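Engineer:
There are 2 protein chains.
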Amino acid sequence: MIGRLNHVAIAVPDIAAAAEMYRKTLGAQVSAPEALEEHGVTVVFITLPNTKIELLEPLGGESPVARFLERNPDGGMHHICYEVDDILAARDRLVNSGARVLGSMEPRIGAHGKPVLFLHPKDFNGTLIELEQA
Amino acid sequence: MIGRLNHVAIAVPDIAAAAEMYRKTLGAQVSAPEALEEHGVTVVFITLPNTKIELLEPLGGESPVARFLERNPDGGMHHICYEVDDILAARDRLVNSGARVLGSMEPRIGAHGKPVLFLHPKDFNGTLIELEQA
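Chains as they are written, first to last, in numbering that gives the first Met the number 0: chain A, 0 to 133; chain S, 0 to 133.
1. Output, in chain order, the set of chain S residues within a Cβ distance shorter than 8 Å of Ala17 (chain A).
2. Between which two residues does the beta strand (DSSP E) carrying Phe123 (chain S) extend?
3. Buried or exposed: Val64 (chain A), going by 16 or more other Cβ atoms within 10 Å of its Cβ?
4. Contact check, Ile79 (chain A) vs Ile128 (chain A) under 8 Å by CB: the rounded distance?
5. If we call anything under 9 Å between Cβ atoms a contact, is Leu188 (chain A) one with Arg3 (chain S)?
6. Smallest Cα separation from Glu56 (chain S): which of S:Val100, S:Gly125, S:Ala8?
7. Does the stretch 78 to 93 of chain A touch the stretch 103 to 118 of chain A, meaning 3 or more C-beta pairs lie closer than 8 Å?
8. Is there a C-beta anywhere in chain S that falls below 9 Å from the one on Lys113 (chain A)?
9. For a contact defined as C-beta to C-beta under 8 Å, what are the partners of Ala8 (chain A) on chain S?
10. Taking the alpha helix (DSSP H) that Ile1 (chain S) belongs to, which residues open and close that run?
11. Are Ala17 (chain A) and Leu58 (chain A) close, meaning C-beta to C-beta below 9 Å?
12. If you draw a straight line from the alpha carbon of His77 (chain A) to that of Leu35 (chain A), how long is it in whole angstroms?
13. Please report the distance separating the alpha-carbon of Asp84 (chain A) from that of Ser103 (chain A).
14. At a CB-CB cut-off below 8 Å, which residues of chain A make contact with Asp73 (chain S)?
15. Exposed or buried, what is Ile45 (chain S) when buried is set at 16 or more other beta-carbons lying within 10 Å of its beta-carbon?
16. Within a Cβ cutoff of 6 Å, which residues of the same chain sit near Val11 (chain A), ignoring the five residues on either side of it in sequence?
17. What residues match up with Val94 (chain S) in a beta bridge as DSSP calls it?
18. Are the Cβ atoms of Arg107 (chain S) and Asp122 (chain S) separated by less than 9 Å?
19. With Ala34 (chain S) as the anchor, note down where its beta strand (DSSP E) starts and where it stops.
20. For Ala110 (chain A), does the three-state DSSP call read helix, strand or coil?
21. For the beta strand (DSSP E) that Glu61 (chain S) lies in, which residues bound it at each end?
22. Whole angstroms is fine: what's the gap from Ser62 (chain S)'s alpha carbon to Met0 (chain A)'s?
23. Which residues, in chain order, does the stretch 82 to 105 of chain A contribute to contact with chain S at a C-beta distance below 7 Å?
24. Can the beta-carbon of Glu69 (chain S) be found less than 9 Å from the beta-carbon of Gln132 (chain S)?
So, in structure tokens, the structure goes:
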């Protein structure tokens, strides 16, 4: 069912410093920051030859990464995103197997403009998984 | 400098259960477990179209993932591995920029039989980074 690794998201307390570190110290190709107000994050995309890293800094009072950074002030790996061909078929397979889908169970439109779901970390080895319809 | 995302490593308390979850619930291609005694882990490789996930369970008394699991009993994302062309050039660039390389500063032979280094999470947004010479 799961296909490509779409991205790994890393929550960071200071996205300008983190982007500069990836650009200068690690020599990676780094985008300009984009404020995604409806998602509560500012994001920087790091393009690797086979996938990408997304740096996420909280934006606004309801950011989904703010609590993560309270627990992990230095930042850390926040979630991993796998692509699926059919998000509704994926959801039904997961629910039938007893795994928990977060939120309303209906896919939302994610930061890339595509339908996404998040899965409960307790059911997946403490890892927050995002599924994105490719 | 950094190239492909070689793998994301996820520490798990029960590798048989985690492998079965990736195989059955997420429909991924999952290897048989391999005990890597010299690395203190049992590993399962999950092959995705563009990269791989490695599930790590502690093996023996000196496992590098045992303390991580004490802090994160459900498991979680443990490290991320980027490929580099020249591990010694990468090390020198990192050291010159003030980033900390863990251990003796000399590359070790990693789980794939290639030279690797680990970088200090405090210098990289709370993320443990492995560099592997591709």
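Note that CB positions come from ideal geometry on N, CA and C, so glycine has one too.
Fair warning: this is a prediction, and the values are worked out from it, not measured in the lab.
Structural biologist: In brief:
1. Asn124
2. Looking at the DSSP string, Phe123 (chain S) is not in any beta strand (DSSP E), and its letter there is neither H nor E.
3. buried
4. 6 Å
5. Because chain A is modelled from 0 through 133, residue 188 (chain A) falls outside the range shown and cannot be assessed.
6. S:Ala8
7. yes
8. no
9. Chain S residues near Ala8 (chain A): none, gap ~10 Å exceeds 8 Å.
10. Note, Ile1 (chain S): premise wrong, no alpha helix (DSSP H); not H, not E.
11. no
12. 17 Å
13. 20 Å
14. Pro120, Lys121, Asn124, Gly125
15. buried
16. Ala17, Leu54, Glu56, Gly74
17. Looking at the DSSP assignment, Val94 (chain S) forms no beta bridge with any residue, so it has no partner.
18. no
19. 33 to 35
20. coil
21. Premise fails: Glu61 (chain S) is in no beta strand (DSSP E) and is neither H nor E.
22. 32 Å
23. Leu93, Ser96, Ala98
24. no
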